[in-house]
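Reading through the structure tokens given below for one structure.
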Amino acid sequence: ALLDMKMPEMDGFQVASILRQMKPDLRVVIFTGYASLESEARAAQLDFYEYLPKSNWYDLLLPTIERVLSESGPSLPKRRPVDLEQAAEQYAKEGKWEMAAIAMEQAARIAEFTHAWQDAARLYDRAFQYMKRARGLSVETQRLQELSECALRIAKEGSPESSSESSSESSSD
Numbered sequence: 022a023l024l025d026m027k028m029p030e031m032d033g034f035q036v037a038s039i040l041r042q043m044k045p046d047l048r049v050v051i052f053t054g055y056a057s058l059e060s061e062a063r064a065a066q067l068d069f070y071e072y073l074p075k076s077n078w079y080d081l082l083l084p085t086i087e088r089v090l091s092e093s094g095p096s097l098p099k100r101r102p103v104d105l106e107q108a109a110e111q112y113a114k115e116g117k118w119e120m121a122a123i124a125m126e127q128a129a130r131i132a133e134f135t136h137a138w139q140d141a142a143r144l145y146d147r148a149f150q151y152m153k154r155a156r157g158l159s160v161e162t163q164r165l166q167e168l169s170e171c172a173l174r175i176a177k178e179g180s181p182e183s184s185s186e187s188s189s190e191s192s193s194d
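So for the sequence shown, our numbering puts the first residue at 22; every next one is plus one.
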């Protein structure tokens, strides 16, 4: 079954649930214009065969349908690596640039939360590169670039050289 996530009366998850009640081994491919890690995680939880963002569906849909039709045996949903960087790399290999950017941004936020600013800068930069491939130089793409630059500035301010300068300034007070 090929389903859109957003439909007038009910969403793709609800339709898939109804279809699965009638045919439990049905392979479900869902595509969406509102790609997010949360909705992909839900699709994986529901054992959907594939989750495709509409941003580049034309590159992904035919190979996915060919794969569904060529595979025999019980339907096995795609599994994502737990690690966000690995997930981003997997998305990139599949040509899902926007999903790769979203996963990489989540990894950057975790690095930021743990004050690993060098890593955050690197991860935001990779998210920027992926989003640039997905959307060009959109507002969202530029936001990721700014986050990367900001994390890099914070990393430089927190480097050993600037820490020793700060401590010598505070000792002269």
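Glycine included, each C-beta is placed from N, C-alpha and C at the ideal position. Bear in mind that the values here come from a model prediction, so they are computed numbers and not experimental data.
Cβ-based neighbour list, residue i, same chain, cut-off 6 Å, excluding 5 preceding and 5 following
i: residue 107; result: none
i: residue 156; result: 162
i: residue 101; result: Low confidence applies to residue 101: its pLDDT is 40, below 50, so where it sits in the model is not reliable enough to give any reading.
i: residue 198; result: The structure shown has nothing for residue 198, since the chain only spans 22 to 194.
i: residue 80; result: 116
i: residue 140; result: 132
i: residue 36; result: 24
i: residue 51; result: 24, 26, 33, 64, 69, 72
N- and C-terminal bounds of the beta strand (DSSP E) containing residue i
i: residue 49; result: Premise fails: residue 49 is in no beta strand (DSSP E) and is neither H nor E.
i: residue 25; result: 23 to 25
Candidates the options, of which the one nearest residue i by Cα
i: residue 115; options: 137, 42, 74, 129; result: 74
i: residue 176; options: 143, 151, 138; result: 138
i: residue 124; options: 140, 133, 147; result: 147
i: residue 25; options: 91, 72, 42, 46; result: 72
i: residue 195; options: 131, 82, 179, 92; result: No information on residue 195 is available, as it lies outside the stretch 22 to 194 that the chain covers here.
i: residue 23; options: 30, 89, 45, 29; result: 89
i: residue 179; options: 43, 136, 105, 104; result: 136
i: residue 82; options: 37, 49, 29; result: 49
Residues near residue i by beta carbon distance below 8 Å, same chain, minus five either side
i: residue 119; result: 56, 74, 76, 77, 151, 152, 155, 156
i: residue 53; result: 25, 26, 27, 33, 60, 72, 73, 74, 75
Extent of the continuous alpha helix (DSSP H) to which residue i belongs
i: residue 32; result: That residue, residue 32, is in no alpha helix (DSSP H); it is neither H nor E in DSSP.
i: residue 110; result: 105 to 114
i: residue 73; result: Note, residue 73: premise wrong, no alpha helix (DSSP H); beta strand (DSSP E) at 71 to 74.
i: residue 158; result: Note, residue 158: premise wrong, no alpha helix (DSSP H); not H, not E.
i: residue 122; result: 118 to 134
Opposing strand residues paired with residue i [DSSP bridges]
i: residue 18; result: In the structure as shown, the chain starts at 22 and stops at 194, and residue 18 therefore has no counterpart that could be examined.
Same chain, Cβ closer than 7 Å to residue i, neighbours up to 5 away in sequence not counted
i: residue 98; result: Bear in mind that the predicted position of residue 98 carries a pLDDT of just 47, short of 50, making it unreliable; the figure below should be weighed with that in mind. Closer than 7 Å at the Cβ level, and outside the excluded window around residue 98, lie 65, 68, 69, 70.
i: residue 87; result: none
Minimum Cβ-Cβ distance from residue i to chain B less than 8 Å
i: residue 157; result: In the structure shown, chain B cannot be found, because there is only a single protein chain.
Supposed contact pair residue j and residue i - C-beta distance, whole angstroms, cut 8 Å
i: residue 145; j: residue 172; result: 6 Å
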